Amino acid sequence: MKKTVLLHRGRKNEENFQIVSVNGRSWKIMKGVEVQVPDYVAEVLENAQMMADTARRYVDRMAN
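When we follow the working numbering, the leftmost residue of the sequence shown carries the number 18, and every step to the right adds one.
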């Protein structure tokens, strides 16, 4: 099954794509463009975003 994902564009010094690898297969996913990916690739991207959000909250909490 496929899902549509949209990765937010990064800063000027960041790549305009994200590479995701699952079980030896890799996908180069463009940022700022809606793309169709297998549901398990979308799950990896969702998990990565959740972990980035968790890390950001931790850093903010430690800074205050």
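By construction, the Cβ of each residue, glycine as well, lies at the ideal position given by its N, Cα and C atoms. What you are looking at is a predicted structure, and each value in this text was computed from that prediction instead of being measured.
Report yes if the CB atom of residue i is closer than 9 Å to the CB atom of residue j, and no otherwise.
i	j	result
Glu55	Met18	The sequence as given places Pro at residue 55; Glu does not occur at that position. Result yes, Cβ atoms of Pro55 and Met18 sit closer than 9 Å.
How long is the line joining the alpha carbons of residue i and residue j, rounded to whole angstroms?
i	j	result
Arg28	Thr21	23 Å
Arg73	Gln66	10 Å
Ile36	Leu24	11 Å
Val52	Asp70	22 Å
Asn30	Gly49	15 Å
Tyr75	Met68	10 Å
Pull up the DSSP beta-bridge partners for residue i, would you.
i	result
Gln66	Paired residue(s): none; Gln66 is not in a bridge.
Lys29	The partner list for Lys29 (beta bridge, DSSP) is empty, contrary to what the question assumes.
Arg42	Val39
Val54	Lys20
Inter-stretch contact (C-beta, 8 Å, three-pair minimum) for the stretch 38 to 45 and the stretch 55 to 64: yes
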